[in-house]
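Worksheet: the structure to be examined is printed underneath.
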Amino acid sequence: MHSRKSYWLPILIGLPLISLLSACSGVQSSLDPAGAAAQLIADLWWPTLVVASLVTVLVLALLLIGVFRAFKHRSARPLSARQSRNLVIAGGIILPFQ
931 MHSRKSYWLP
941 ILIGLPLISL
951 LSACSGVQSS
961 LDPAGAAAQL
971 IADLWWPTLV
981 VASLVTVLVL
991 ALLLIGVFRA
1001 FKHRSARPLS
1011 ARQSRNLVIA
1021 GGIILPFQ
């Protein structure tokens, strides 16, 4: 059986050594990839970010257009219970599986 003192000794020696290893290189930046693999990842990341941002802006714009049109046409009759149920089924169950 190990004593409690011998259990903590590697931890107390290892933690300062690990903190020294973190200072072995310059400042790391995710915006400035240094290696070839990191550059490939960055080349994939930036277009993905742009496309995802454009899709988000488009969806929010369409949502706002729909909300403002609904306020404009308040005299329109509401959906029936069957239409509401079909909308929930189509939007929540069928569309996610396509």
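In terms of the working numbering, the sequence shown opens at residue 931 and continues consecutively.
Cβ coordinates follow ideal geometry from the N, Cα and C atoms, glycine included.
- Proximity below 8 Å, CB of P977 to CB of Q969: Within the sequence shown, the letter at position 47 stands for residue 977. Within the sequence shown, the letter at position 39 stands for residue 969. Not closer than 8 Å, so no.
- Query: Are the beta-carbon atoms of L1017 and L1025 separated by less than 8 Å?
  - Reply: What you label residue 1017 is simply residue 87 of the sequence shown in a count that begins at 1. What you label residue 1025 is simply residue 95 of the sequence shown in a count that begins at 1. In this structure, L1025 does not lie closer than 8 Å to L1017 by Cβ.
- Message: For a test of the three-state rule: what should DSSP assign to D962, helix, strand or coil?
- Response: Walking along the sequence shown from the start, residue 962 turns up at place 32. Coil at D962, not helix or strand.
- P977 (DSSP reduced to helix, strand or coil): For the purposes of this step, residue 977 is taken as the residue at position 47 of the sequence shown. Residue state, collapsed to three classes: helix.
- Message: According to DSSP, simplified to helix, strand and coil, what is P1008?
- Response: As a working mapping, residue 1008 is identified with position 78 in the sequence shown. Of the three classes helix, strand and coil, the one that applies to P1008 here is coil, per DSSP.
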